[in-house]
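The sequence shown begins at 1 in my numbering and counts up by one.
Worksheet for the structure shown next.
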Amino acid sequence: MEKRLFKRRQKLGKYRIEKRLAVTNFASVFEAYDTILGVRVALKIPHKPTEGEKFPEEFKKEVRVAARLDHPHILPVKDASFIDDHFVIVTPLGLETLASRMGFRLATGKILDLTAQMLEAVAHAHALKVIHCDIKPENFILFPDYELRLADFGIANIALRTVKASGSGTLGYLAPEQAMGRPGYRSDVFSLGLIIYRMLTGKLPEWPFTWPGPGYDKLRQRVPAEFVAFVKKAIDVTPNKRFANAGTMLAEFERILPRTQAWLSKTRRRRSPESNGPTWHEVRWRQFRRRYGKKLEVRFNCKKCHGPVAESMQACPWCGTSGKFLDGETKFPAECPRCRRGSKLDWNYCAWCYGAKFEDASEKQYADKRYTAKCTNSRCSRKQLMPHMRYCPWCRTKVRKRWKLAEGSSCGRCGNDVLTEFWGWCPWCAGHLGS
């Protein structure tokens, strides 16, 4: 199959392509803007069939299967149609995949919450005799408030009377019997168990899946023996020794969850016998928020270390993580499709990352008391800048101003003020402050 090439800002019916999110052997997924409804969506577009190759029925089947599975934790299909000779599946746009989030440490309590959502989604599919066959972190999409939705039923098997043999799936999370062409409900159970194991240990067991697997000691430290046994049963190499389906797995999870949560609470108290109060990091973060939270608009947390960060920061000043490290929702009325940071409705460009002009910028001008500086470009139409902007939102000129902070000292790398009393890294250039 030929991969379809789309340029950024290219129009496809009423949709404007913003960027490509993922590519598989069969399709590409894009972030797009619905120019009629004014919302951002995800577009799944199958690759173009080569000469003599028919359009894969799996994609039509995916739409029909998803239409049957009405559940809060299953990604709904908003629309599916041919647009300019392309078959396009339209779904809501999430924040990131579970795979992306698993690149950062997850608290055990959060893992339990995500596990419940995963099991509820797959249990609903199994109740309707649908086997997903490709359960993996990349197919779980995260939305605000850690709401999880299962996507990609393109290779799902509908088990009405018999289950058709299939070798489809992703090898890393594939059950052994599915790799041999004999998928079943227990195959999805196995894949779910591997995801839970990896979230808790950071390790992915591999064939021949001997027990205990890699990271077993960490597993035992994070959850009680009863939960370890639950995970062990889910990833047993012998299908008949696993849970029969996601429904029975969910029932067992709900049975042991209260005792698991009680064990976690008791373990936390035992590990800090001197005090039931906040940790040293939490005290430090609280002091920082009290002194600088309002001034710097600290409304986010770092995904890796959970320290308090601001939307204007390019890196976490507590652990040095850069890129997509912000955990939280912008308070701005809109957001940049590239960096996901906030923007105002009348901005022509993103103030935090360099990119193309916003086509949907409002002609109405909005005042804001946060505008405290001026753009140096003499041809700039409005010139107004907020603290720590990297680019002028009106003309895209690089901001050269060195931003100052009360009680701050200059970063030797970028010249902006930093708070060495609290920070180990410069949040404006990601430079280490100890070097």
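Even for Gly, the Cβ is constructed at its ideal location relative to N, Cα and C.
Answer with buried or exposed for Met180, where buried requires no fewer than 16 other C-beta atoms within 10 angstroms of its C-beta. When all chains shown are included, Met180 counts as exposed.
May I have a chain-ordered list of the alpha helix (DSSP H) segments no shorter than 4 residues that lie completely inside the region 203-275? 216-222, 225-234, 246-271
Taking three-plus beta-carbon pairs below 8 angstroms as touching, is the region 244-261 in contact with the region 109-124? In short, these stretches touch, since the Cβ pair count reaches three.
At which residues does the beta strand (DSSP E) containing Arg290 begin and terminate? Looking at the DSSP string, Arg290 is not in any beta strand (DSSP E); the run it does join, the alpha helix (DSSP H), is 280-296.
Between which two residues does the beta strand (DSSP E) carrying Arg40 extend? 39-46
Which partner residues of Ile195 appear in the DSSP bridge assignment? None, per the DSSP bridge assignment.
Output the boundary residues of the alpha helix (DSSP H) element that contains Arg101. That run of the alpha helix (DSSP H) goes 98-101.
What do you reckon, are the CB atoms on Val130 and Thr91 nearer than 8 angstroms? Their beta carbons are not under 8 angstroms apart, which means Val130 does not touch Thr91 by this criterion.
When the Cα of Trp425 is compared with those of Ala373, Tyr371, Leu385, Cys319, which residue comes out closest? Trp425 has its Cα closest to that of Cys319, out of Ala373, Tyr371, Leu385, Cys319.
With a CB to CB cut of under 8 angstroms and the five nearest residues on each side skipped, what residues in its chain are close to Leu128? So the qualifying residues of the chain are Arg68, Leu69.
Distance check for Ser100 and Gly307, CA to CA, integer angstroms please. 19 angstroms
When you compare only the Cα positions, how much space is there between Leu264 and Val223? When rounded, the distance between both Cα atoms is 7 angstroms.
Hey, would you say Leu37 sits closer than 8 angstroms to Leu98, going by beta carbons? In terms of Cβ geometry, Leu37 and Leu98 do not form a close pair [threshold 8 angstroms].
Whose C-beta lies closer than 6 angstroms to the C-beta of Ser312 among residues of the same chain, with five residues either side of it excluded? His388
Would you mind working out which of Gly355, Glu96, Asn301 sits nearest Phe140, comparing C-alpha positions? Glu96
Of all the options Ser322, Pro317, Gln314, Leu326, which has the alpha carbon lying nearest to the alpha carbon of Cys302? Leu326
Please check the pair Ser409 and Val418, which I expect to be a contact at CB under 8 angstroms, by giving their CB distance rounded to whole angstroms. 6 angstroms
Give the straight-line distance between the Cα atoms of Lys266 and Arg340, rounded to the nearest whole angstrom. 38 angstroms
Going by C-alpha to C-alpha distance, which of Arg382, Phe82, Thr397 sits closest to Glu363? Distance check between Glu363 and each of Arg382, Phe82, Thr397 places Arg382 closest, using alpha-carbon atoms only.
Excluding the five sequence neighbours on either side, which residues of its own chain have a C-beta within less than 7 angstroms of the C-beta of Thr162, listed in chain order? Because the pLDDT of Thr162 is 35, which lies under 50, any placement of that residue in the model is unreliable, and the number read from its coordinates should be weighed accordingly. For Thr162, where only same-chain residues beyond five positions count, there are no Cβ hits under 7 angstroms.
Presumed contact (8 angstroms Cβ cut-off) between Leu194 and Pro208, rounded CB distance: So it is not a contact: roughly 14 angstroms between Cβ atoms.
Asp84, buried or exposed, once every other Cβ within 10 Å from all chains shown has been counted against 16: exposed
On a Cα-Cα basis, can you pick out the residue from Ala251, Glu18, Leu12, Lys218 that is closest to Met199? Lys218
Determine which residues share a DSSP beta bridge with Trp425 and list them. DSSP, once it has assigned bridges, lists His432 as partnering Trp425.
How would you label Tyr354, buried or exposed, when you count the other beta carbons within 10 angstroms and need 16 or more for buried? exposed
When Ile196, Thr397, Gly431 are compared against Lys110, the one with the closest alpha-carbon: Ile196
Hey, Trp394 and Pro317: beta-carbon distance below 8 angstroms or not? No, they are not a contact pair.
Where Ala356 falls, given that 16 or more other Cβ within 10 Å makes a residue buried: exposed
Around the C-beta of Thr115, are 16 or more other C-beta atoms found within 10 angstroms, so that it is buried, or is it exposed? buried
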